[in-house]
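For reference, the structure discussed in these notes is given below.
Numbering (the UniProt record's numbering), first residue to last: 1 to 453.
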């Protein structure tokens with residue numbers, strides 16, 4: 001029965017469209033082609049370049065994580081896959097256009113917004129989104145002109161996840177170590193003038209509930225010229241709780257306890273990393289010029305099970321001074337087209353008959369590339385099976401219909417060959433500076449190098 005269905009759909013040559021060229025998009029394409037070898041998969045990307053968060057979210061000093069780009073490149077060069085860059089869903093084309101052109105549409109455009117704290121003075125000067133800061137040092141065009149003033153000695157990060165750890169590490173790492181990475185030139189220059197000596201990492205709950213992983217923490221405590229300092233009283237009870245912890249959490253907690261002991265090798269360190277637990281930000285303090293000077297926090301106590309306790313605010317308050325503050329409490333997906341079946345409460349897409357979602361747009365912005373891969377494989381498998389069972393489907397025009405709409409609007413389209421031209425030039429420029437690549441930070445530059453302009 002399945003063989004007959006596959007034979008029918010194979011003769012039809014199913015057309016599938018993927019919106020978003022990050023890990024979810026490429027992994028989903030890979031799985032669809034595995035289930036339906038006769039399928040054509042067209043990947044649309046709002047930027048002229050592919051790879052999403054692997055290019056713009058992974059820290060410059062984590063090149064090993066970016067090696068997954070080699071896998072995505074093989075998928076992108078498959079003759080059954082087409083890449084169309086510089087096309088934005090909701091602006092250049094609408095979901096209705098895509099549904100008209102394809103048997104299935106997969107939305108994989110991720111989570112572009114960051115969650116707000118919604119506390120007084122949040123829009124004050126030098127209060128920065130961690131997501132935007134990551135985009136700034138990684139070359140995301142929309143963040144290229146981010147106003148960041150590092151002319152201060154103390155920085156505060158609100159949130160204790162891996163993104164917050166990345167930001168803290170970049171702020172405390174010496175420029176000499178960063179200059180051989182693919183960090184952007186404009187951010188390297190700004191970091192070279194930074195006066196930041198201390199980074200506070202603030203979390204609502206305790207050391208047993210931190211969201212960062214052991215890899216990121218180990219990198220932090222190994223940083224040259226940086227001393228990690230905990231408030232000893234905040235680690236009370238951690239040792240007693242170790243026996244009941246799951247292995248990953250136990251290993252991390254043991255390392256936290258170990259790193260809390262004075263390190264003689266770091267006695268002369270001039271920079272400090274200071275995690276602070278059981279604090280909820282209540283208000284930003286601003287100086288006379290409207291710039292942040294501190295974060296007023298409520299002191300919390302924990303109630304409930306160790307694995308997932310509630311942070312309950314007390315009446316006590318603490319002011320943590322800083323000259324720059326970063327909000328890092330999570331990302332959010334947005335609805336880019338009124339026709340997208342978007343759940344405003346969960347900020348995810350609810351799949352319908354011919355519209356699917358994968359990655360953070362499906363699960364919410366949690367997990368690493370491996371978890372995104374698992375979800376995308378599952379969605380790709382489902383799409384393949386759905387198309388096989390729909391043997392009576394009519395033919396669809398595919399990319400021809402969509403590209404006509406885009407071209408009639410005068411919008412330049414970047415092909416895979418165009419991306420390869422951008423890639424080659426970035427690599428060439430990087431080689432001149434002893435780094436893997438020098439990223440273009442404007443869409444205009446990318447379009448020019450791609451051969452379109």
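Heads up, the beta-carbon is just placed ideally off N, CA and C, and yes, glycines get one too. Just so we're clear, the structure is a prediction, and the values are computed from it rather than from any experiment.
Around the C-beta of residue 424, are 16 or more other C-beta atoms found within 10 angstroms, so that it is buried, or is it exposed? Taking the chain shown and counting its residues from 1, one reaches residue 424 at position 424. Residue 424 is exposed by the Cβ-count criterion.
Within 10 angstroms of its Cβ, does residue 19 collect 16 or more other Cβ (buried), or is it exposed? Against the chain shown, residue 19 aligns to sequence position 19. Residue 19 counts as buried, since no fewer than 16 other beta carbons sit within 10 angstroms of its beta carbon.
Would DSSP call residue 200 helix, strand or coil? Mapped onto the chain shown, residue 200 falls at position 200. Note: residue 200 maps to strand in three-state DSSP.
If you compare alpha carbons, which of 27, 102 and 352 is closest to residue 70? As a working mapping, residue 70 is identified with position 70 in the chain shown. If we check each option's Cα against that of residue 70, 27 comes out closest.
Among 193, 188, 206 and 138, which one has its Cα closest to the Cα of residue 161? Your numbering for residue 161 matches position 161 in the chain shown. Nearest option by C-alpha distance: 206.
Close Cβ partners of residue 30 (< 6 angstroms) along its chain, the five nearest in sequence each way excluded: Residue mapping note: residue 30 aligns to position 30 of the chain shown, counting from 1. Here the set comprises 75.
Residue 17 lies in the beta strand (DSSP E); which residues open and close that run? Counted from its first residue, the chain shown places residue 17 at position 17. Counting along the chain, the beta strand (DSSP E) containing residue 17 begins and ends at 15-19.
Span separating the alpha-carbon of residue 249 from that of residue 66: The residue you call residue 249 lines up with position 249 of the chain shown. The residue you call residue 66 lines up with position 66 of the chain shown. Whole-angstrom Cα-Cα distance: 26 angstroms.
How big is the Cα-Cα spacing for residue 141 and residue 380? If you number the chain shown from 1, residue 141 lands on position 141. If you number the chain shown from 1, residue 380 lands on position 380. One C-alpha to the other measures close to 30 angstroms.
Roughly how many angstroms separate the alpha carbons of residue 305 and residue 213, rounded to a whole number? Sequence index remark: in the chain shown, residue 305 carries index 305 (1-based). Sequence index remark: in the chain shown, residue 213 carries index 213 (1-based). For residue 305 and residue 213, the distance between alpha carbons rounds to 20 angstroms.
Please go through the region 177-238 and give each complete beta strand (DSSP E) segment of 3 or more residues, from N-terminal end onward. 198-202 and 226-228
Just grab the DSSP bridge partners of residue 27 for me. To locate residue 27, count along the chain shown from 1; it is residue 27. Residue 27 is not bridged to any residue.
Assigned exposure category for residue 208 - 16 Cβ within 10 Å defines buried: Position 208 of the chain shown, counted from the first residue, corresponds to residue 208. Within a 10 Å sphere around the beta-carbon of residue 208 sit 16 or more other beta-carbons, which makes this residue buried.
Inter-residue Cα distance where the pair is residue 332 and residue 434: The residue given as residue 332 occupies position 332 in the chain shown. The residue given as residue 434 occupies position 434 in the chain shown. Cα-Cα distance, rounded: 36 angstroms.
Give every residue of the same chain whose Cβ lies closer than 8 angstroms to the Cβ of residue 3, excluding the five residues on either side of it in the sequence, and list them in chain order. As a first step, residue 3 is located in the chain shown; it is residue number 3 there, counting from the start. Reliability fails at residue 3, whose pLDDT of 44 lies under 50, so the model's placement of it is uncertain and the value that follows must be treated cautiously. No residues qualify anywhere along the chain.
According to DSSP, is residue 84 part of a helix, a strand, or is it coil? Here residue 84 is taken as the residue at index 84 of the chain shown, counted from 1. In the structure shown, residue 84 sits in a strand (DSSP, three-state: E or B).
May I have a chain-ordered list of the beta strand (DSSP E) segments no shorter than 3 residues that lie completely inside the region 305-329? 310-321 and 324-327
Out of curiosity, what's the CA-to-CA distance linking residue 349 and residue 377? By 1-based counting over the chain shown, the position of residue 349 is 349. By 1-based counting over the chain shown, the position of residue 377 is 377. Each residue's Cα considered, the two are about 17 angstroms apart.
Look at residue 42 and residue 86 and say whether their C-beta atoms are less than 9 angstroms apart. What you label residue 42 is simply residue 42 of the chain shown in a count that begins at 1. What you label residue 86 is simply residue 86 of the chain shown in a count that begins at 1. It is not a contact, given that the beta carbons lie outside the stated cut-off.
Counted within 10 angstroms of its Cβ, other Cβ atoms place residue 407 as buried (16 or more) or exposed: By 1-based counting over the chain shown, the position of residue 407 is 407. With fewer than 16 Cβ atoms within 10 Å of its Cβ, residue 407 is classed as exposed.
To the nearest angstrom, report how far apart residue 283 and residue 113 are at their CA atoms. Position 283 of the chain shown holds residue 283. Position 113 of the chain shown holds residue 113. Spanning the two alpha carbons is a distance of roughly 21 angstroms.
Is DSSP giving residue 155 helix, strand or coil here? Position 155 of the chain shown, counted from the first residue, corresponds to residue 155. Three-state result, residue 155: strand.
C-alpha gap between residue 61 and residue 397, whole angstroms: On the chain shown, position 61 is the one that residue 61 refers to. On the chain shown, position 397 is the one that residue 397 refers to. Rounded to the nearest angstrom, the gap between the Cα atoms of residue 61 and residue 397 is 44 angstroms.
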